[in-house]
Amino acid sequence: MVSKPSESAANAEPGEGSPAEGGAAVPVAVKILIAGGFGVGKTTMVGAVSEIRPLQTEELLTDRSVGVDDTAGVEQKTTTTVAMDFGRITIRDGLVLYLFGTPGQDRFWFMWDELSYGALGAVVLADTRRLADCFPAVDYFENRGLPFVIAVNCFDDGYDYTAEEIREALDLRPDTPIVLCDVRERASGKEVLTTLVRHLLSLHRDQRPAGAPTG
Numbered sequence: 001m002v003s004k005p006s007e008s009a010a011n012a013e014p015g016e017g018s019p020a021e022g023g024a025a026v027p028v029a030v031k032i033l034i035a036g037g038f039g040v041g042k043t044t045m046v047g048a049v050s051e052i053r054p055l056q057t058e059e060l061l062t063d064r065s066v067g068v069d070d071t072a073g074v075e076q077k078t079t080t081t082v083a084m085d086f087g088r089i090t091i092r093d094g095l096v097l098y099l100f101g102t103p104g105q106d107r108f109w110f111m112w113d114e115l116s117y118g119a120l121g122a123v124v125l126a127d128t129r130r131l132a133d134c135f136p137a138v139d140y141f142e143n144r145g146l147p148f149v150i151a152v153n154c155f156d157d158g159y160d161y162t163a164e165e166i167r168e169a170l171d172l173r174p175d176t177p178i179v180l181c182d183v184r185e186r187a188s189g190k191e192v193l194t195t196l197v198r199h200l201l202s203l204h205r206d207q208r209p210a211g212a213p214t215g
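Residue numbers for the sequence shown follow full-length UniProt numbering, beginning at 1 and rising by one.
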């Protein structure tokens, strides 16, 4: 189920790098996708958690998008990601995540295959007011065997669903983590990413052959 990481990344625990010449630790770099429906908060999350100035490819919505982009529920949104968002965050010493935010509209989905190349996991952002909008992302990652977590962005006027209600509505596997978050807050976004890293490590340990070395 897990995309095969490099040997150094596979054997590294959070906070550990792989040894280089001279005994110095080389940071483990992991590519992560931030996905979800239109207007769910992908660009906001990447911008909030990134320790570098994020790369954003947002363009203004114009009247040409009328009838093409579904803005129901996010009528106040004035821009849209047309390629990707990019940021970087160090989770712990020796573990760096490179974040790639995907475009949310159907017409830009041709970008997903390129963005997902080499990724080890994904965050699927969900809005309880429009849960159906994250179905395509869930299906995409399940069909490709890419592990993911569901991060429920808690909008002020969102519905107060329990994690199990969300799991049932999205028909998720029992082991798929669900996290409540506020993507505007760096600490909240970092907790989502930490949960994903733990999930990836857990899946890797489960797949490791009996008697294999642990690091």
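Beta carbons are placed, not taken as given, at the ideal position from N, Cα and C, and that holds for glycine. Since the model is a prediction, treat every value here as computed from it, not as a measurement.
Cβ pair residue i, residue j closer than 9 Å
i	j	result
V123	V26	no
A137	F148	yes
I166	V183	no
residue 218	G121	Outside the shown range of the chain, which is 1 to 215, sits residue 218, and nothing can be said about it.
K190	I34	no
M84	M111	yes
S188	R144	no
Exposure of residue i, with buried meaning 16 or more beta-carbon neighbours within 10 Å
i	result
residue 244	Absent from the model: residue 244. The displayed extent of the chain is 1 to 215, so no value can be given.
D175	exposed
R205	exposed
T102	buried
Y159	exposed
A132	exposed
Q207	exposed
F52	Residue identity check: residue 52 is Ile in the sequence provided, not Phe. Per the 10 Å Cβ criterion, exposed.
Y140	buried
For residue i, the residue or residues it bridges with in DSSP
i	result
G121	I32
R92	L95
D133	Answer is none; D133 lacks a bridge partner.
C181	N153
G101	I34 and D85
E55	Before going on, a small fix: residue 55 reads as Leu here, not Glu. Note: L55 sits in a beta bridge opposite F86.
A126	V152
Close beta carbons around residue i, own chain, < 7 Å, minus the five adjacent residues each side
i	result
R186	A48 and V49
S163	Note on residue identity: the sequence assigns Ala, not Ser, to residue 163. The answer, listed in chain order, is I178.
T194	I91
6 Å CB neighbourhood of residue i in its chain, flanking five on each side removed
i	result
C134	G36, G37, V124 and A126
T128	G158, Y159 and Y161
L55	F86
A169	L131
G41	L125, N153 and V183
I150	V124, A126 and I178
L180	V152 and C154
Proximity test, Cβ basis, 9 Å: residue i and chain D
i	result
L97	No chain D appears in the structure shown, which is made up of a single protein chain.
Same chain only: Cβ atoms within 8 Å of residue i, ignoring 5 sequence neighbours per side
i	result
A119	S3, K31, I32, L33, F100 and L146
Counting Cβ pairs, one atom from each stretch, are 3 or more of them under 8 Å apart for the segment 27-46 and the segment 82-99?
yes
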